[in-house]
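Visitor:
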Amino acid sequence: MTERKKTTIVLFSGDYDKVMAAYIIANGAAAYDHEVTIFHTFWGLNALRKDEDIIADKSFIEKMFGKMMPRGANKLGLSKMHMAGIGPKMIKDVIKKHNALPLPQLIEMAQEQDIKLVACTMTMDLLGLKQEELLDNVELAGVAAYLGDAENGNVNLFI
Amino acid sequence: MTERKKTTIVLFSGDYDKVMAAYIIANGAAAYDHEVTIFHTFWGLNALRKDEDIIADKSFIEKMFGKMMPRGANKLGLSKMHMAGIGPKMIKDVIKKHNALPLPQLIEMAQEQDIKLVACTMTMDLLGLKQEELLDNVELAGVAAYLGDAENGNVNLFI
Amino acid sequence: MTERKKTTIVLFSGDYDKVMAAYIIANGAAAYDHEVTIFHTFWGLNALRKDEDIIADKSFIEKMFGKMMPRGANKLGLSKMHMAGIGPKMIKDVIKKHNALPLPQLIEMAQEQDIKLVACTMTMDLLGLKQEELLDNVELAGVAAYLGDAENGNVNLFI
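Protein sequence lines correspond, in order, to chains A, B and C.
Position 123, counted from 1, in the first sequence is what numbering that gives the first Met the number 0 calls 122; the numbers after and before it change by one each time, with no gaps.
Position 32, counted from 1, in the second sequence is what numbering that gives the first Met the number 0 calls 31; the numbers after and before it change by one each time, with no gaps.
Position 130, counted from 1, in the third sequence is what numbering that gives the first Met the number 0 calls 129; the numbers after and before it change by one each time, with no gaps.
What follows is the structure in structure tokens.
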């Protein structure tokens with residue numbers, strides 16, 4: 000009996016294009032029967048935010064971070080050619096035109112394929128994000144859990 | 000008989016400095032007899048563009064992307080200290096002064112060392128890039144081919 | 000007897016948040032008894048600079064790079080929401096509030112845990128950085144040494 004291969008991704012970036020690349024690799028790996036974990040840290044947490052305004056008990060600085068950071072996958076900017084929001088619109092248009100999946104659907108597909116979506120507890124604390132602001136079925140864990148997955152991983156990436 | 004070690008790089012970035020780092024690691028790994036693949040996706044595809052203007056059959060939005068994105072390795076910007084193009088010039092000056100290889104020669108060396116240069120079909124579609132716009136001897140492939148290489152890789156990086 | 004696991008990180012970025020992520024993963028891996036190497040290249044070298052002004056014998060262009068690049072971990076900017084320096088101050092405030100470790104202490108901890116801190120000789124040359132400008136106990140090495148560590152690594156990341 001062979002063991003399942005493992006792919007782990009640290010998703011640090013909150014750019015639409017980079018998050019898209021991460022989820023395309025992750026969904027591909029899951030389709031090839033890899034056990035896949037995406038560990039969302041720093042700006043990568045924004046991809047997991049619900050798009051509604053969640054009332055949470057926050058300090059002033061936490062509220063500021065919450066307001067300034069994009070709320071969910073559909074609101075993320077581009078790493079290049081953002082051009083005040085025209086770039087993301089162009090990318091979304093070509094995605095639609097080519098019948099490719101936009102980011103929110105890539106994340107849904109990841110959940111359907113049982114990809115483990117993890118939110119880094121330490122950076123949630125730092126940025127003042129609360130669990131109720133995140134999508135359902137996201138696990139909270141720290142760097143130790145990430146390393147436990149990654150040290151046996153076949154494909155480990157930092158995106 | 001020992002198997003050859005494998006290095007695979009996903010080259011997502013189209014910044015001169017990051018592409019340079021990717022090709023230096025790749026050429027080093029090939030010199031140590033690794034089997035090396037660079038999988039160019041998103042802005043990393045720009046490193047593979049020929050620098051002449053190729054007439055290709057494109058939609059309006061594809062033409063716009065084509066115009067806005069840098070045409071080839073020598074036209075890429077820096078990830079830091081770009082300073083309206085002064086940064087890249089400074090970097091190229093110090094490269095010449097230190098007898099190091101500028102990016103176009105690093106890519107040539109990679110081809111001479113039989114490093115497999117792959118262009119991601121899905122992002123070529125999205126950005127409207129055609130095969131005739133890319134350097135010769137570049138393979139086209141999708142995320143499945145990348146994963147096939149990476150799951151047996153010793154060194155897997157996302158740059 | 001089992002061999003120690005290995006983690007190697009290429010630290011290309013000089014952004015406060017990315018360098019912090021690199022050192023948190025590295026310190027975590029060392030705590031789990033991994034043999035850890037951080038190979039600092041390009042802007043990642045700035046994290047290793049001493050914060051005083053070191054007189055070194057430099058060309059004009061090397062002096063310019065030296066002036067423009069941040070001098071040490073505490074001076075680095077953010078990859079997102081830098082906002083003319085307000086972002087880094089906010090991050091440092093929340094780090095203090097949550098009793099987390101700021102970057103200079105994360106680097107100290109790495110040195111206490113015997114994490115191997117390496118500075119890339121080729122990019123030191125290109126950017127005109129001299130060994131006396133860097134923290135003590137930093138090794139100088141090239142891409143060959145990195146590959147020697149990475150090809151047996153369990154967790155290899157490019158940050």
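Note that beta-carbon positions come from the ideal geometry of N, C-alpha and C, so glycine has one too.
Apply the 10 Å Cβ neighbour rule to His33 of chain C and answer buried if 16 or more other Cβ atoms are within range, or exposed otherwise.
Guide: It counts as buried.
Visitor: On the CB-based measure, 16 or more other CB atoms within 10 Å of its CB, does Asn98 of chain A come out buried or exposed?
Guide: So Asn98 of chain A counts as exposed.
Visitor: Report all residues from its chain with a CB closer than 8 Å to the CB of Pro103 of chain A; omit the five preceding and five following residues, and keep chain order.
Guide: Only Gly71, Ala72 and Asn73 meet the Cβ criterion.
Visitor: Report yes or no: is there a C-beta of chain A within less than 7 Å of the C-beta of Asn73 of chain C?
Guide: Not an interface residue.
Visitor: Check Ala40 of chain C in the structure and name its three-state DSSP category.
Guide: First, the residue type needs correcting, since residue 40 of chain C is Thr and not Ala in the sequence shown. Coil at Thr40 of chain C, not helix or strand.
Visitor: Does the contact criterion of 3 or more C-beta pairs under 8 Å hold for the segment 5-24 of chain B versus the segment 78-93 of chain B?
Guide: Touching, yes.
Visitor: Could you tell me the distance, in whole angstroms, from the CA atom of Val117 of chain C to the CA atom of Ala55 of chain A?
Guide: Their Cα atoms are separated by approximately 43 Å.
Visitor: Leu10 of chain B touches chain C at which residues, Cβ-Cβ below 8 Å?
Guide: In chain order: nothing, as chain C lies at least about 10 Å away.
Visitor: Near Asn155 of chain C, which residues of its chain fall below 7 Å by C-beta distance, leaving aside the five closest residues on each side in sequence?
Guide: Correct list, in chain order: Thr7 and Ala149.
Visitor: Would DSSP call Leu75 of chain B helix, strand or coil?
Guide: Coil.
Visitor: Could you check whether the Cβ of His39 of chain C sits closer than 7 Å to any Cβ belonging to chain A?
Guide: No, His39 of chain C does not count as interfacial toward chain A.
Visitor: Alpha carbon to alpha carbon, how far is Lys4 of chain C from Asn153 of chain C? Give it in angstroms, no decimals.
Guide: C-alpha separation (whole angstroms): 6 Å.
Visitor: Could you check if Lys66 of chain C is buried or exposed, using at least 16 other CB atoms within 10 Å of its CB as the buried criterion?
Guide: By the 10 Å Cβ count, Lys66 of chain C comes out exposed.
Visitor: Can you tell me the Cα-Cα spacing of Asn151 of chain A and Gln130 of chain A, whole angstroms?
Guide: Distance between the alpha carbons of Asn151 of chain A and Gln130 of chain A: 28 Å.
Visitor: Report all residues from its chain with a CB closer than 8 Å to the CB of Leu84 of chain A; omit the five preceding and five following residues, and keep chain order.
Guide: Checking the sequence shown, residue 84 of chain A turns out to be Gly, not Leu. Cβ neighbours of Gly84 of chain A beyond the five flanking positions: Gly76.
Visitor: Name the residue from B:Phe157, B:Ile158 and B:Leu146 whose alpha carbon lies nearest to the alpha carbon of Ala160 of chain A.
Guide: Examination of residue 160 of chain A is not possible in this model, given that chain A is present from 0 through 158 alone.
Visitor: Determine contact between the segment 43-58 of chain A and the segment 41-56 of chain C, defined as no fewer than three beta-carbon pairs at a distance below 8 Å.
Guide: Flag = no, the segment 43-58 of chain A and the segment 41-56 of chain C do not touch.
Visitor: Please name the residue, chosen from C:Ala140, C:Glu107 and C:Asp113, that lies closest to Met19 of chain C on a Cα-to-Cα basis.
Guide: The residue with the shortest Cα to Cα distance from Met19 of chain C is C:Glu107.
Visitor: Pull the bridge partners of Val117 of chain B from the DSSP assignment, please.
Guide: B:Phe38 and B:Glu138.
Visitor: Report the partner residues of Ile8 of chain C according to the DSSP bridge assignment.
Guide: For Ile8 of chain C, which the question treats as bridged, DSSP gives the partners C:Ile37 and C:Leu156.
Visitor: Confirm, please, whether the CB-CB distance from Leu134 of chain C to Glu47 of chain C is below 7 Å.
Guide: The sequence given here has Leu at residue 47 of chain C, not Glu. Against a cut-off of 7 Å, the Cβ pair of Leu134 of chain C and Leu47 of chain C comes out as a contact.
Visitor: Tyr22 of chain C and Ala143 of chain C: beta carbons closer than 7 Å?
Guide: Not closer than 7 Å, so no.
Visitor: With 7 Å as the threshold, decide whether the Cβ of Glu150 of chain C is near any Cβ in chain B.
Guide: Closer than 7 Å to some Cβ of chain B, the Cβ of Glu150 of chain C qualifies, so yes.
Visitor: DSSP three-state label for Leu100 of chain C, please.
Guide: Three-state DSSP puts Leu100 of chain C in coil, outside helix and strand.
Visitor: Which partner residues of Arg3 of chain C appear in the DSSP bridge assignment?
Guide: According to DSSP, which records beta bridges pairwise, Arg3 of chain C is partnered with nothing at all.
Visitor: With a CB to CB cut of under 6 Å and the five nearest residues on each side skipped, what residues in its chain are close to Thr120 of chain A?
Guide: For Thr120 of chain A, where only same-chain residues beyond five positions count, the Cβ hits under 6 Å are Leu139 and Gly141.
Visitor: Within 10 angstroms of its Cβ, does Glu160 of chain B collect 16 or more other Cβ (buried), or is it exposed?
Guide: The shown model of chain B, from 0 to 158, leaves out residue 160 of chain B, and the question about it has no answer.
Visitor: Shorter than 7 Å from the beta carbon of Val142 of chain B to some beta carbon of chain A?
Guide: True, the Cβ-Cβ gap to chain A drops below 7 Å.
Visitor: Taking Val9 of chain B and Ala25 of chain B to be in contact with their CB atoms under 8 Å, please state how far apart those CB atoms are, rounded to whole angstroms.
Guide: Not really, about 12 Å apart at Cβ, beyond 8 Å.
Visitor: Please determine, among A:Ile158, A:Asn45, A:Met89 and A:Pro87, the residue with the shortest C-alpha to C-alpha distance to Val137 of chain A.
Guide: When each option's Cα is compared against that of Val137 of chain A, the closest is A:Asn45.
Visitor: Can you name, in chain order, every residue of its own chain whose Cβ lies under 8 Å from the Cβ of Ile94 of chain B, other than the five neighbours on each side?
Guide: Taken in chain order, the residues that qualify are Leu100 and Pro101.
Visitor: From the DSSP output, in three-state form, read off Gly133 of chain B for me.
Guide: It should be noted that the sequence gives Leu, not Gly, for residue 133 of chain B. Leu133 of chain B: strand per DSSP, three-state reduction.
Visitor: Pull up the distance between the alpha-carbon of Gly127 of chain C and that of Leu105 of chain C, whole angstroms please.
Guide: Approximately 26 Å, taken between the alpha carbons.
Visitor: What is the rounded straight-line gap between the Cα of Met89 of chain A and the Cα of Ile60 of chain B?
Guide: Cα to Cα, Met89 of chain A sits roughly 8 Å from Ile60 of chain B.
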